[in-house]
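Q: Before anything else, here's the structure in question.
Residue numbers (my numbering), protein chains in the order written: chain A, 26 to 518; chain B, 526 to 637.
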């Protein structure tokens with residue numbers, strides 16, 4: 026029999042229902058994989074008992090003819106989601122020890138659909154980072170290594186780096202991610218897996234630790250497009266607890282999957298051809314165009330003229346929202362408190378926040394505070410939100426001539442841990458292809474396309490119209506079918 | 526008229542951004558309620574100036590007549606019935622407090 030940990034969500038679900046194995050066998054296999062994964066540092070908290078509890082309930086439900094959509098499937102949950110009774114820190118010191126008395130809507134939806142929880146996945150602190158080097162609980166290491174025989178630890182991308190590393194290493198079959206400017210898609214690309222950011226508002230933000238509320242969106246990460254469709258169906262849906270939640274029916278995305286792109290037009294945005302793009306990324310992009318043609322699509326050139334301003338606009342808007350959202354960490358209601366001898370209330374706040382936030386988080390709070398401060402608000406923040414309007418308008422105009430956009434996911438393959446950590450702006454540039462669609466709230470999927478010369482995964486991205494997750498996943502499926510990406514990291518951990 | 530004023534202010538911001546000094550860094554830290562030594566502010570200063578210098582390029586985009594984007598996806602603010610739907614959770618709410626006394630969050634003395 027094949028190793029259960031090599032199976033994806035659909036295979037586990039179907040094998041469990043068909044009686045090939047019990048949910049308990051599945052949970053035990055993955056619990057063992059989790060227990061043996063410490064060298065990757067994917068988990069902040071492991072919850073084998075939760076996985077077993079859900080598995081036993083799944084076995085009971087199946088026998089009683091009451092199996093649910095995700096019965097028998099154990100998942101990882103990114104630590105940005107509050108999980109009732111299980112520590113939730115957003116990988117920060119300031120929330121260390123915080124045990125939510127409630128469940129986030131997204132993780133609750135998955136559990137309600139019968140899934141089990143293997144543990145809380147490591148990430149960049151408060152989802153701020155592109156390499157998973159800002160976690161208070163240490164770097165996550167990618168299972169991938171360069172093919173030069175060396176053992177340089179590679180970045181799994183960020184901020185959903187625990188998620189991407191664990192899925193690529195077959196430690197979890199799939200998991201939740203969150204994406205503010207690329208935090209699902211870039212780590213998916215770095216580790217050779219799929220990651221889907223749905224339309225802003227599809228998944229409730231209730232109980233998801235807030236970074237930049239106008240951008241934050243939960244989504245699935247898995248080893249296939251189909252598995253992403255299955256998970257997203259369970260995660261999404263209207264929630265009265267989130268005022269930006271969209272009151273739209275959740276389509277049957279899995280049932281609607283089709284890789285036939287006849288009659289569809291794929292736009293190639295010329296502004297995404299950035300300077301210094303590695304030749305192998307460009308080559309993969311061209312390959313992607315051929316795959317889309319082969320699937321029946323027509324290829325058209327499009328222009329998104331304000332693309333170059335997306336990153337600077339993002340690095341005003343996201344820190345501004347973060348500085349407001351993170352004001353709640355004050356040492357009073359939850360988490361860390363630092364009270365120096367004789368400190369008054371204001372000094373207690375300041376000491377708590379100095380001790381509780383990491384460098385990148387402080388940097389972004391400082392930038393956000395500055396751009397929102399008196400005298401600078403219009404010049405920075407208002408200007409950035411106007412540029413955001415122009416970026417969204419660029420996409421609207423592109424949809425006049427195409428159905429989807431095809432772009433690379435990230436401007437390079439994974440880099441080594443430490444390679445970019447001294448240069449914030451170089452780090453920010455990782456999200457050059459993912460930030461524009463985030464600013465416009467559009468759905469987008471990252472799909473693995475091939476390997477770099479150094480043997481590291483490279484990804485392609487499909488961006489679609491608002492609420493057209495089905496189309497985005499269909500185009501992703503057409504690509505997945507043709508890329509035939511089966512490479513996996515050799516086990517060294 | 527409004528546009529000119531905005532340009533003017535942007536110009537001011539530009540000059541300020543290129544010259545965020547240690548005192549300004551300390552002032553921002555104080556606004557953000559993050560305790561910071563002069564040495565830390567000194568270290569942060571060039572990082573902030575780099576980032577602010579980089580985002581300056583937004584100033585070159587002509588945004589006259591463009592409305593700021595408030596909601597990415599058209600959505601309606603919903604009304605709900607004006608009834609209590611939540612509450613009676615004091616112990617849950619206090620459960621994670623670093624210090625709670627007599628059913629309240631406790632903080633250092635505020636009034637002398």
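Beta carbons are placed, not taken as given, at the ideal position from N, Cα and C, and that holds for glycine.
This one's a predicted model, so the numbers in the text were calculated from it and none came from an experiment.
(1) When you compare the CB of residue 408/A with every CB in chain B, is at least one pair closer than 8 Å?
(2) Which term fits residue 612/B, buried or exposed, when burial requires 16 or more other beta carbons within 10 angstroms of its beta carbon?
(3) Give the single residue among 403/A, 459/A, 467/A and 490/A whose Cα lies nearest to the Cα of residue 428/A.
(4) Would you call the region 94 to 111 of chain A in contact with the region 136 to 147 of chain A, where contact means no fewer than 3 C-beta pairs closer than 8 Å?
(5) Which residues, taken in chain order from the region 556 to 573 of chain B, show a beta carbon closer than 8 Å to some beta carbon of chain A?
(6) With distances taken Cα to Cα, identify the nearest neighbour of residue 275/A among 257/A, 394/A and 71/A.
(7) Can you check DSSP and say which residues form a bridge with residue 179/A?
(8) Give the range of the alpha helix (DSSP H) segment to which residue 370/A is assigned.
(9) Quick one: using the 10 Å Cβ neighbour count with 16 as the cut-off for buried, is residue 604/B buried or exposed?
(10) Of the residues 416/A, 279/A, 466/A and 307/A, which one's Cα is nearest the Cα of residue 330/A?
(11) I need the straight-line Cα distance from residue 161/A to residue 471/A, nearest angstrom please.
(12) Here's a check: name, in chain order, each residue in its chain whose Cβ is nearer than 6 Å to the Cβ of residue 310/A, leaving out the five neighbours to either side.
(13) Measuring only the C-alpha atoms, how far is residue 61/A from residue 438/A?
(14) Of the choices 339/A, 272/A, 484/A and 494/A, whose alpha-carbon is the least far from that of residue 153/A?
(15) With residue 326/A as the anchor, note down where its beta strand (DSSP E) starts and where it stops.
(16) Cα separation between residue 609/B and residue 348/A?
(17) How is residue 577/B classed by DSSP in three states: helix, strand or coil?
(18) Rounded C-beta distance between residue 66/A and residue 165/A? I'm assuming under 8 Å.
(19) At which residues does the alpha helix (DSSP H) containing residue 491/A begin and terminate?
(20) So, at 7 Å on beta carbons, what are the nonlocal neighbours of residue 539/B in its own chain, with the 5 sequence-adjacent residues on each side left out?
(21) Would residue 225/A pass as an interface residue toward chain B - the criterion being a Cβ-Cβ separation below 8 Å?
(22) Counting only beta-carbon separations shorter than 8 Å, does residue 582/B have a partner in chain A?
(23) Contact between the region 199 to 206 of chain A and the region 227 to 247 of chain A: three or more CB pairs below 8 Å?
(24) Out of 71/A, 59/A and 51/A, point me to the one whose CA is closest to residue 81/A's CA.
(25) When you compare the CB of residue 626/B with every CB in chain A, is at least one pair closer than 8 Å?
(26) My understanding is that residue 376/A touches residue 364/A, with C-beta atoms under 8 Å, so please give their C-beta distance in whole angstroms.
(27) Taking residue 142/A as part of the beta strand (DSSP E), name the residues at either end of that continuous run.
(28) List the residues of chain B whose Cβ lies closer than 8 Å to the Cβ of residue 369/A, in chain order.
(29) Just checking: is the beta-carbon of residue 359/A within a distance shorter than 8 Å of some beta-carbon in chain B?
(30) Within 10 angstroms of its Cβ, does residue 387/A collect 16 or more other Cβ (buried), or is it exposed?
(31) Give the residues of chain A in contact with residue 588/B, contact being defined as C-beta atoms less than 9 Å apart.
(32) With residue 133/A as the anchor, note down where its alpha helix (DSSP H) starts and where it stops.
(33) Alpha carbon to alpha carbon, what distance is there between residue 451/A and residue 303/A?
(34) Please decide whether residue 617/B counts as near chain A, where near means a Cβ-Cβ distance under 8 Å.
(35) Tell me the rounded alpha-carbon separation between residue 345/A and residue 37/A.
(36) Between residue 383/A and chain B, is there a C-beta pair that is closer than 8 Å?
A: Based on what the coordinates show:
(1) yes
(2) exposed
(3) 490/A
(4) yes
(5) 556, 557, 558, 559, 560, 561, 569, 572 and 573
(6) 257/A
(7) 441/A
(8) 370 to 381
(9) exposed
(10) 416/A
(11) 27 Å
(12) 433
(13) 27 Å
(14) 339/A
(15) 323 to 327
(16) 31 Å
(17) helix
(18) 5 Å
(19) That residue, residue 491/A, is in no alpha helix (DSSP H); it is neither H nor E in DSSP.
(20) Because residue 539/B sits at a pLDDT of 43, beneath the cut-off of 50, its placement in the model cannot be relied upon, and the following sentence gives the value as read from the coordinates. The residues are 581 and 584.
(21) yes
(22) yes
(23) yes
(24) 51/A
(25) no
(26) 7 Å
(27) 141 to 146
(28) 633, 634 and 635
(29) yes
(30) buried
(31) 407, 408, 411, 412, 414 and 415
(32) 130 to 137
(33) 15 Å
(34) yes
(35) 42 Å
(36) no
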